[in-house]
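A.B. asks:
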Amino acid sequence: MLDPRRLRTELDVLKKGLARRGVDTSVLDRAAAVDERQRHAVAKRDELRSQINVLSKEVGEAFRSGDKATGERKRDESKTLGEQEKQAEAEAKEAGDELREILLRIPNIPADDAPEGITAEDNVVVRTVGFDERRYDAHQRVPHWDIGAELGILDLERGAKLSGSGFPMFRGAGAAMLRALCQLALDRNADAFEEIRPPTLVRTETMVSTGHLPKFEIEAYHVERDDLWSIPTAEVPLTGQARDEILDADALPIRLMAYSPCFRREAGAAGRDTRGLLRVHEFDKVEIYAFCTPEQAGDVHAELLARAEGSLQALGLPYRVLDLAAGDLGDASRRTFDLEVYAPGADMWLEVSSISWCGDYQARRANVRYRTADGTAMVHTLNGSALATPRVWAALVETYRQPDGSVRIPDALAPYMRGVEVIGPPPPR
RNA sequence: GGAGCGGUGGCAGAGUCUGGUCGAUUGCACCGGUCUUGAAAACCGGAGGCCCGCAAGGGCCCGGGGGUUCGAAUCCCUCCCGCUCCGCCA
197 MLDPRRLRTE LDVLKKGLAR RGVDTSVLDR AAAVDERQRH AVAKRDELRS
247 QINVLSKEVG EAFRSGDKAT GERKRDESKT LGEQEKQAEA EAKEAGDELR
297 EILLRIPNIP ADDAPEGITA EDNVVVRTVG FDERRYDAHQ RVPHWDIGAE
347 LGILDLERGA KLSGSGFPMF RGAGAAMLRA LCQLALDRNA DAFEEIRPPT
397 LVRTETMVST GHLPKFEIEA YHVERDDLWS IPTAEVPLTG QARDEILDAD
447 ALPIRLMAYS PCFRREAGAA GRDTRGLLRV HEFDKVEIYA FCTPEQAGDV
497 HAELLARAEG SLQALGLPYR VLDLAAGDLG DASRRTFDLE VYAPGADMWL
547 EVSSISWCGD YQARRANVRY RTADGTAMVH TLNGSALATP RVWAALVETY
597 RQPDGSVRIP DALAPYMRGV EVIGPPPPR
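Numbering (this note's numbering), first residue to last: 197 to 625.
(1) What would DSSP say about methionine 197, mapped onto helix, strand or coil?
(2) Using DSSP's beta-bridge definition, name the partner residues of isoleucine 392.
(3) Spell out a yes or no on whether the stretch 220–229 and the stretch 252–271 are touching, meaning 3 or more CB-CB pairs, one atom from each, closer than 8 Å.
(4) Are three or more beta carbon pairs between the stretch 398–414 and the stretch 442–452 nearer than 8 Å?
(5) Pull up the distance between the alpha-carbon of valine 603 and that of leucine 609, whole angstroms please.
(6) Can you tell me whether DSSP reads serine 359 as helix, strand or coil?
(7) Between phenylalanine 327 and leucine 377, what straight-line distance do the alpha-carbon atoms span, to the nearest angstrom?
(8) Leaving out five residues before and five after glycine 620 in sequence, what residues of the same chain have Cβ atoms less than 6 Å from its Cβ?
(9) Would you report the Cα separation of isoleucine 178 and tyrosine 332, rounded to the nearest angstrom?
(10) Are there three or more Cβ pairs, one per stretch, closer than 8 Å when the stretch 502–514 is compared with the stretch 399–412?
(11) Can you give me the start and stop residues for the alpha helix (DSSP H) that serine 552 sits inside?
(12) Helix, strand or coil: which one does DSSP assign to threonine 585?
(13) Using the C-alpha atoms, what's the distance from aspartate 199 back to leucine 244?
(14) For valine 238, collect the residues of the same chain with a Cβ closer than 7 Å to its Cβ; drop the 5 residues on either side in sequence, then sort them by chain order.
(15) Beta carbon of glutamate 483, beta carbon of glutamate 401: below 7 Å?
(16) Return the Cβ separation of histidine 335 and proline 622 in integer angstroms, given the expectation that the two are a contact with Cβ distance under 8 Å.
(17) What are the boundary residues of the alpha helix (DSSP H) that includes threonine 276?
(18) I'd like to confirm the pairing. Which residues does DSSP put opposite leucine 382 in its beta bridges?
(19) Measuring CB atoms only, is the stretch 361–378 touching the stretch 580–591, in the sense that at least three cross pairs come out at less than 8 Å?
(20) Grab me the residues of serine 456's own chain with a C-beta within less than 6 Å of its C-beta, minus the 5 sequence neighbours each way, in chain order.
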C-alpha cells in the first residue's frame, strides 16, 4: 500500500512511477480526491468532539455543584453537537473505507533503476551462468515428464486422479529428491536465517498484508467453511507473523527462512506452458525472507539473490539472472531479480526464484514498523525463493540424464538422498 | 463440540461491580543524571502508539466492530483470540 500522504505531497512522482508499469494513473487522482474528502470530514468531526468533550466535563461539574439548570442546558447543547458529530463521523468513515479500498489495489511504485518496459520481453538479462548451448547431447533433450514416467519417479496420471491436473505425485527417488532439495536449501542458509515452519492456512488479513488479497483473490484457494486461505508462498505467513509489531532496530535485518507447501490456482494461465511440472497448483518451496531498514535493503536484496544463486550453483544448474522491467514486476515489488534455470529437455528457461524488494509496501499493509531515534518507521520487506522444487526437479532430471536413460544425482544432493548417486529404471511393480 | 474464566502501555499487573477528576496506579525492564577508580546498589529525572496541523493545538487508541449516554477501559450486543476442565483425536 502506498503512503496516503504521498498523494498530497508528490502525486506527480506516484503517477510517473505507476505509468512505468503501464497502469492507468487516474486511480491516483481518485484516491487523492477521496483523501481530501476524508481529511475534511475528520477535521470537522474532531472539532465537534473537542467541543463535546469540554461540555461534557462542564455537565458533570454543574450537576455535582447542584446547578441543575446549567447542567441540563449544557447537556442539551452537547446532545445537538453530538448529532452533527455523528454525521461527520459517518462521512469520515465512509471516505476512509473508500480510500483504503482504492489503495489496497494500487501496485507499488517501481524503483528508479528497475528497467523500462511493460512486458516480460523487456526484462534485462543481467548475466548467464554456466550455460553453453553446445554442451547438451541428445540424451539430455528429453523432457522431464517423459523421464519421470520412464523411471517411475513422477506419476502425473495418479496425481491427476487424486486432485486434477497440476497436482503432481512423485514416487520413490523422485519423491526423495524433493525432500532432499528442500533440506539442501535449508542447510545452506541456516548460518544466517532462522528457520520457521509457519501455518499454511491463513486468515484474510494475512493475505492482505502481502498484497495477495483483495486484488488477486482468483489466484488463491479458499477454505470457505473456516474462511482460511491456502498460502501461495511462505512469504505470506512470514510477513503476517510480524503484523502490528514494532521491531527493535538493533535486531534488523531479521532473516527468516521457511519450508512450506505453496498453492496457486493459476487461473489466468490455463493451457500455457502447463506440461509436466512447468506450472502446478501445489508445490514445495524454501523461502528466504528479511525485514530490514530502508538503508539496509539494497545490501540485503543482493544477499538474498546471492543465496538463491548459490543453491543453483551447488546443484550445477545453468541459470540466468533477469532484472524485471517495471511493468513485469509483481504488484508488491519495487525491484525484482528472477532466476531462471535452463531445462534442456523442455528447452526452456524456467523461473525458479523471484527475489523481490518490496520497500514499505507490505510493511504498511501489515503495519510492521521499527523504532527510530525520533519515533517509528515502516520496515522494508524482501523475499525470494531459496529453492522451488518442481521446476528445479525438472531441470535436474533433464540436465543429469545419462546416455543409458538413468539420472545422475549431483554430489551436493546425494548426501540428502541416502547416498543414492544414480536413479535407474524402477524395479517391476 | 460443551462448560467456565479472561484479553489494559515493552513485560507483569491494578482499575470494570458503584460511568465523569483514567491514556490510565504500581512493579520490572529501558534511557539520561547524581554518587563511584569503574560497575552494582541507592537516589533524581525521562519515556506509549496513531491521525490532522508550519506551529500552537486538537482528535483517536484499554482485543476488533457496533450500541446506550451530555460523557464509556468501566454498561449492553457481536466477533476474534487466550487459558482451564470435559468430550473427541494424529
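Glycine is no exception: its CB is placed at the ideal position from the N, C-alpha and C atoms.
C.D. replies: This is what the structure gives:
(1) Coil at methionine 197, not helix or strand.
(2) Beta-bridge partners assigned by DSSP to isoleucine 392: Ala454.
(3) Three or more beta-carbon pairs separated by less than 8 Å are not found between the stretch 220–229 and the stretch 252–271, which leaves the two stretches without contact.
(4) At 8 Å Cβ cutoff, the stretches do not touch.
(5) If I take the Cα positions, the gap works out to 13 Å.
(6) If DSSP states are grouped into helix, strand and coil, serine 359 belongs with the helices.
(7) Distance between the alpha carbons of phenylalanine 327 and leucine 377 is about 21 Å.
(8) Within the same chain, Ser602 come within 6 Å of glycine 620 by CB-CB distance, once the 5 residues on both sides are set aside.
(9) Given a span of 197 to 625 for the chain in the structure shown, any question on residue 178 remains unanswerable.
(10) The stretch 399–412 and the stretch 502–514 do not touch, with fewer than three beta-carbon pairs separated by less than 8 Å.
(11) Taken as a continuous stretch (DSSP letters only), serine 552 belongs to no alpha helix (DSSP H), being part of the beta strand (DSSP E) at 544–553.
(12) Assigned with DSSP and collapsed to three states, threonine 585 falls in helix.
(13) So the alpha carbons of these two residues sit roughly 27 Å apart.
(14) Sequence-distant partners of valine 238 (beyond 5 residues in either direction) whose C-beta falls short of 7 Å from its own C-beta, in its chain, are Ala288.
(15) It is not a contact, given that the beta carbons lie outside the stated cut-off.
(16) The pair is not a contact, with the Cβ atoms about 19 Å apart (cut-off 8 Å).
(17) Counting along the chain, the unbroken alpha helix (DSSP H) around threonine 276 starts and ends at 264–299.
(18) Answer by DSSP bridge pairing: none, since leucine 382 is not bridged.
(19) By the C-beta criterion, the stretch 361–378 is judged to be in contact with the stretch 580–591, since at least 3 inter-stretch pairs fall below 8 Å.
(20) Within the same chain, Thr396, Ala430 come within 6 Å of serine 456 by CB-CB distance, once the 5 residues on both sides are set aside.
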